[in-house]
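Colleague: Residue numbers (UniProt numbering): 1 to 178.
Structure incoming, see below.
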Amino acid sequence: MARYLMAFHSREGQTFKITNRLAERLQARGHEVELVSIPELAATFSIAGYDGIVIGASVRYGHFSQLFYQFIQRHHHALASVPSAFFGVNLTARKADKNTPETNAYMRKFAVKSPWHPTVQGVFAGACVYSKYRWYDKAIIRLIMKMTKGPTDPGQDVEFTDWQAVDSFAGQLDEMVG
């Protein structure tokens, strides 16, 4: 079976949760998976010994983090040398017409901005976790949610992730290394 490196950049924990679910699905298929956060990985990254690499990152205020892009910029040649996958997590993907890499604006921006072109791509809706936001972030995200007809009750956290889509993506990752 294959050995996967699964790296993630998560802010409130939903990207980690999705990455963990993918790892569990691959492990259930007999694969070995190492999970690591991009901040931990940045200094020591090596593809040695991995058959496939999966990276997940979340969007905040319309952008993937600079740390994520710096990691990609620094290591895109290594990432291109093995089968690789990328998935983005954002609240826009909660809408049916924005939940594919082709229809999601953040994934399209990534495709233009990134020197890395992963073998497989996915996008998943995240969670609106008001309980974890600072007061400023809570106010801004409530405004964004109001404008996009999302949940605005600051006392209620809402998870939008389609776990069946995550499981389906795990199948694509399994086939990616083949």
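All C-beta atoms in this analysis are idealised placements derived from N, C-alpha and C, irrespective of residue type, glycine included.
Keep in mind the model is a prediction, meaning the values are calculated, not measured.
On a Cα-Cα basis, can you pick out the residue from 10, 23, 74 that is closest to residue 174?
Modeller: The count along the sequence shown starts at 1 and reaches residue 174 at position 174. When each option's Cα is compared against that of residue 174, the closest is 23.
Colleague: Take every Cβ of the stretch 158 to 166, pair it with every Cβ of the stretch 118 to 132, and state whether three or more of those distances are shorter than 8 Å.
Modeller: Taking 8 Å as the limit for Cβ pairs, the verdict is that the stretch 118 to 132 does touch the stretch 158 to 166.
Colleague: Assuming residue 79 and residue 116 make a contact with CB atoms under 8 Å, what is their CB distance in whole Å?
Modeller: Taking the sequence shown and counting its residues from 1, one reaches residue 79 at position 79. Taking the sequence shown and counting its residues from 1, one reaches residue 116 at position 116. Indeed they touch by this definition, with Cβ atoms about 5 Å apart.
Colleague: Just mark residue 84 as buried or exposed, buried being the case when its beta carbon has 16 or more other beta carbons within 10 Å.
Modeller: Position 84 of the sequence shown, counted from the first residue, corresponds to residue 84. Its Cβ being crowded by 16 or more others within 10 Å, residue 84 is buried.
Colleague: So which of 1, 8, 99 has the shortest CA-CA distance to residue 28?
Modeller: Locating residue 28 in the sequence shown gives position 28, counting from the first residue. Taking only the C-alpha atoms, the option nearest residue 28 is 1.
Colleague: Excluding five sequence neighbours on each side, which residues of the same chain lie with their C-beta closer than 8 Å to the C-beta of residue 104?
Modeller: The sequence position of residue 104 within the sequence shown is 104, counting from 1. Closer than 8 Å at Cβ, skipping near neighbours: 88, 90, 92, 93, 98, 123.
Colleague: Quick one: is residue 121 buried, meaning 16 or more other Cβ sit within 10 Å of its Cβ, or exposed?
Modeller: In the sequence shown, residue 121 corresponds to position 121, counting from 1. Buried, because 16 or more other Cβ atoms sit within 10 Å of the Cβ of residue 121.
Colleague: List the residues that DSSP assigns as beta-bridge partners of residue 52.
Modeller: Locating residue 52 in the sequence shown gives position 52, counting from the first residue. For residue 52, which the question treats as bridged, DSSP gives the partners 4.
Colleague: Leaving out five residues on either side along the sequence, give the residues of the same chain with a beta carbon under 6 Å from the beta carbon of residue 65.
Modeller: Here residue 65 is taken as the residue at index 65 of the sequence shown, counted from 1. Correct list, in chain order: 9.
Colleague: Does the beta carbon of residue 64 come closer than 9 Å to any beta carbon on chain B?
Modeller: Among the chains in the structure shown there is no chain B, since it carries only a single protein chain.
Colleague: If residue 4 and residue 54 are in contact, beta carbons under 8 Å, what's the gap, nearest whole angstrom?
Modeller: Taking the sequence shown and counting its residues from 1, one reaches residue 4 at position 4. Taking the sequence shown and counting its residues from 1, one reaches residue 54 at position 54. With 8 Å as the limit, residue 4 and residue 54 qualify as a contact, their Cβ atoms being about 6 Å apart.
Colleague: Got a sec? Which residues, its chain only, sit under 7 Å from residue 33 by beta carbon, not counting five neighbours each side?
Modeller: Reading the sequence shown from its first residue, position 33 is the one you call residue 33. For residue 33, where only same-chain residues beyond five positions count, the Cβ hits under 7 Å are 4, 6, 23, 26, 27.
Colleague: Which of the three DSSP states, helix, strand or coil, is assigned to residue 111?
Modeller: Position 111 of the sequence shown, counted from the first residue, corresponds to residue 111. It is helical.
Colleague: Taking the C-alpha atoms as reference points, what is the distance between residue 59 and residue 30?
Modeller: Here residue 59 corresponds to residue number 59 of the sequence shown, with the count starting at 1. Here residue 30 corresponds to residue number 30 of the sequence shown, with the count starting at 1. Their Cα atoms are separated by approximately 31 Å.
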